Amino acid sequence: MTNWFHPSVLFIFGAFLIPLFKGKARQTYLVLIPALAFIDVASMSQGTYWTYNFLGNEIIFGKVDKLSLIFAYVFTIAAFISIVYALHIDDYGQHIAAFLYVGSSIGVTFAGDYLTLFIFWEIMAFASVYLVFAQRGKASVDAGFRYILVHIAGGAFLLGGIVLHSIATGSILFGPLEKDGSLAFYLILIGFILNAAVPPLNAWLTDAYPEATVTGAVFMSAFTTKTAVYVLVRAFPGTELLVVLGVVMALYGVVYAVLENDCRRLLAYHIVSQVGYMVAGVGMGTEMALNGSVSHAFAHIIYKGLLFMGAGAVLYMTGIRKLTELGGLYKTMPITFVLYMVGGFAISAFPLFSGFVSKSMIVAAAQHDHRAAVTLLLTLASSGTFISLGLKLPYYMFFGKDSGIRVKEPPLNMLIGMGIAAFLCIAIGVFPGQLYSLLPHPVHFEPYTSDHITGALSILMFTALGFFMLVKKLKPEPAISIDTDWFYRKGAKVFMWFINNPAARIGAEINRAAFDIIPSSLNEISRGVYDEDIQRRPIGIWVLLSFILIFFYALIYMIFI
Amino acid sequence: MMIKRIVDYLGNPENAGRLKKLLYITLAVIVAADFLVPREHAAFFWDDIPGWSAVYGFISCVVIIIVSKAIGHAWLMKKEDYYD
């Protein structure tokens, strides 16, 4: 039982040693840690490790089963790829934040109880926000604060749910939740789906990710939403509400991506869309659907990282984030283009690419369940994926109208990171057996049947035909689209106006009443007893306020307790 | 470099006509293949119709572009300085 070693320890304690190294030694160290963590995960056997007794509750750091293992595998792989892509960064603060972020995500994956889960959950939010702040500039700092505020609110929902759940059941063990419709059930669900970016709780993602650093966004695309998928698979399989939310999500991201002009925000909307497939799979809850969600999360982490790396490479070299200002980059960035396209084909689920063997499992699970609407709408969304990520973004970035920008390929380490991801996208697509053997349930699904191949190619290639017919209509426009962050961005302005104007005036009136009118009338009452020389006026008002406070406190106490 | 040559070929406007022809041939081959393959996994009636996916894919693409842009122009899209 003692021979198990928690990979988060490598990342979280390893993070603090980063400043001790410099130059090549630091680069070696940065690559070594995720490699060791991967070996650690690969040599684990299933079981329960590192359990402690804390205030009468059993807390478990190491719940190792097939479900937690597959996420740990892909998280360590993603950490390795992302850190290779980030090796040229000298700012060790970003590396520390990234390691803490990875470590805490893996901590959530192996958490066997809600307390451990919650603590790692919060570290994730605070570590990742640094990757937004590190970009500096007002837009990033503002977006970072909105990001962290939303996550703190989500954490509060989660904690509230955990407390109610532990009171009701007497256990903090993390596992499938009873679908009893209790408040605890819904609070935990809200906490989880906020991190999965389910609309209307999605705007933190599409607001903050495009404002993060080039390399930070690659990390962010992998971890937060996919730990949320993991906890949903663990706790909420078969929750029908998630089918509806997942399908809405898949289409929501598609619509916004068609409108989007900012390259990385477009990619972020397709995180929302793709996680929609996974959420819908969790909602269906059959073994095939859950396998589909888990395998899609695995494939998604790698191809989405690749897409963010590709768009990030363009941003890094040109400093431009808007499609309207890009174009014609194929002439000087052919390798970046080809590697990006591997990610584009993978997310669009072309045969021989990773998305084909994972996304289709979720759609097939919907078919098996005879959910006609879900099947049709998810297929529709996959056409939208190809429009935005396989056609629109590369077309306007690398081809389209020549912007005259001539930049070189990105640094070698960025190309290597992208190369590893591209290799895996194809390897998974060509040899899905290895991925399938890691899935939590036995797989009875064969992606490469002839009718499935012709069907998928028909959908995709006729989408391409439609794209080229309507390419003028799809032209990116220099505009932004309002999302649900409108409520707190405009809402905050209304709130501040309210505070500065009517509320401030009312406050001034209350102040006047409290310090002038009431005390002087009290003086009238207490005339004779009151001696201004020894009892200064403000004391009277504090006595009055204390009395009011105690009165209401007593009242609330008697009513509620 | 192989990659550079292929990418340059794709980007060269002179080849647009040839690439278009290649796309049409690909589409024809895919539809023809869809008529020939055995259908064992039909869950819904449309799964038995050859060419269904081609029609559905094309309609999906058109609907997504037109509906999204319509929603965007009518409601969601704002000037870039909207929040400033």
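Chains as they are written, first to last, in this note's numbering: chain F, 79 to 639; chain C, 19 to 102. Where is the CB? At the ideal position from N, CA and C, for every residue including glycine. All of these numbers come straight from a predicted model, not from anything done at the bench.
Helix, strand or coil: how does DSSP classify residue i here?
i: Lys486/F; result: coil
i: Ser436/F; result: helix
i: Trp82/F; result: coil
i: Asp594/F; result: helix
i: Thr305/F; result: helix
i: Ser160/F; result: helix
i: Leu345/F; result: helix
i: Val521/F; result: coil
i: Thr410/F; result: coil
i: Gly507/F; result: helix
i: Glu98/C; result: coil
i: Glu136/F; result: strand
i: Asn491/F; result: helix
Pull up the distance between the alpha-carbon of residue i and that of residue j, whole angstroms please.
i: Val621/F; j: Gly232/F; result: 40 Å
i: Asn579/F; j: Ile82/C; result: 45 Å
i: His374/F; j: Ala443/F; result: 13 Å
i: Leu261/F; j: Val25/C; result: 56 Å
i: Glu98/C; j: Ile161/F; result: 33 Å
i: Ser183/F; j: Gly35/C; result: 50 Å
i: Gln105/F; j: Lys568/F; result: 43 Å
i: Val572/F; j: Pro277/F; result: 23 Å
i: Ala592/F; j: Phe625/F; result: 14 Å
i: Gly696/F; j: Pro288/F; result: Only positions 79 to 639 of chain F appear in the structure, and residue 696/F is not among them; the question remains open.
i: Pro489/F; j: Leu454/F; result: 42 Å
i: Tyr355/F; j: Val186/F; result: 22 Å
i: Pro554/F; j: Asp340/F; result: 9 Å
i: Lys141/F; j: Ala221/F; result: 35 Å
i: Met643/F; j: Asp65/C; result: Coverage of chain F is limited to positions 79 through 639, which leaves residue 643/F absent and any answer about it impossible.
i: Met79/F; j: Ile138/F; result: Caution applies to Met79/F, whose pLDDT of 46 falls short of 50 and renders its modelled position unreliable; the model cannot decide the point.
Indicate whether at least one CB of chain C lies closer than 8 Å to the CB of residue i.
i: Val309/F; result: no
i: Glu555/F; result: yes
i: Thr187/F; result: no
i: Ala450/F; result: yes
i: Pro525/F; result: no
i: Gly462/F; result: yes
i: Ala175/F; result: no
i: Pro40/F; result: For chain F, the structure presents residues 79 to 639; residue 40/F sits outside this window and is missing.
i: Leu413/F; result: Here residue 413/F turns out to be Ile, not Leu, going by the sequence shown. Closer than 8 Å to some Cβ of chain C, the Cβ of Ile413/F qualifies, so yes.
i: Lys440/F; result: Reading off the sequence shown, one finds Ile at residue 440/F, where the question assumed Lys. Answer no: the Cβ-Cβ gap between Ile440/F and chain C never drops below 8 Å.
i: Ser559/F; result: yes
i: Gly533/F; result: yes
i: Arg399/F; result: no
i: Val333/F; result: yes
i: Arg224/F; result: no
i: Met366/F; result: no
i: Tyr418/F; result: no
i: Gly495/F; result: no
Using 8 Å as the limit for Cβ to Cβ distance, is residue i near chain F?
i: Lys96/C; result: yes
i: Tyr27/C; result: no
i: Arg36/C; result: no
i: Ala51/C; result: yes
i: Lys87/C; result: yes
i: Leu45/C; result: yes
i: Leu41/C; result: yes
i: Ala61/C; result: yes
i: Tyr101/C; result: yes
i: Ile67/C; result: no
Since residue i contacts residue j with CB under 8 Å, what's their CB separation in whole angstroms?
i: Ile560/F; j: Lys96/C; result: 6 Å
i: Phe235/F; j: Leu265/F; result: 5 Å
i: Val350/F; j: Asn273/F; result: That belief does not hold up - the Cβ atoms of Val350/F and Asn273/F are roughly 12 Å apart, past 8 Å.
i: Met439/F; j: Asn369/F; result: 6 Å
i: Met411/F; j: Glu487/F; result: 6 Å
i: Val372/F; j: Pro518/F; result: 6 Å
Answer yes or no: does any C-beta atom of chain A fall closer than 8 Å to that of residue i?
i: Ile21/C; result: Absence of chain A from the displayed structure is noted, the protein chains being F and C.
key: the segment 426–440 of chain F in contact with the segment 45–54 of chain C per 3-pair CB rule at 8 Å   = Here the segment 426–440 of chain F makes no contact with the segment 45–54 of chain C; the two share fewer than three CB pairs at distances below 8 Å.
ask   = Does the count of Cβ pairs from the segment 166–181 of chain F and the segment 203–214 of chain F closer than 8 Å reach three?
value = yes
query = With a cut-off of 8 Å, do at least 3 Cβ pairs link the segment 471–479 of chain F to the segment 388–408 of chain F?
reply = When C-beta atoms of the segment 471–479 of chain F are compared with those of the segment 388–408 of chain F, three or more pairs fall below 8 Å, so the two segments count as touching.
query = If we count Cβ pairs, one from each stretch, closer than 8 Å, do we get three or more for the segment 62–72 of chain C versus the segment 531–543 of chain F?
reply = yes
ask   = Is the segment 239–254 of chain F touching the segment 327–345 of chain F, taking contact as three or more C-beta pairs under 8 Å?
value = no
task = Tell me, please, whether the segment 290–304 of chain F touches the segment 197–206 of chain F by the rule of three or more beta-carbon pairs shorter than 8 Å.
result = yes
inquiry  = If contact is defined by three or more beta carbon pairs under 8 Å, each pair taking one atom from either stretch, is the segment 51–64 of chain C in contact with the segment 540–551 of chain F?
reply    = no
query = Okay, do the segment 393–402 of chain F and the segment 498–514 of chain F touch, 3+ Cβ pairs below 8 Å being the bar?
reply = no
ask   = Are the segment 120–136 of chain F and the segment 357–365 of chain F touching by the rule of at least three beta carbon pairs closer than 8 Å?
value = By the C-beta criterion, the segment 120–136 of chain F is judged not to be in contact with the segment 357–365 of chain F, since fewer than 3 inter-stretch pairs fall below 8 Å.
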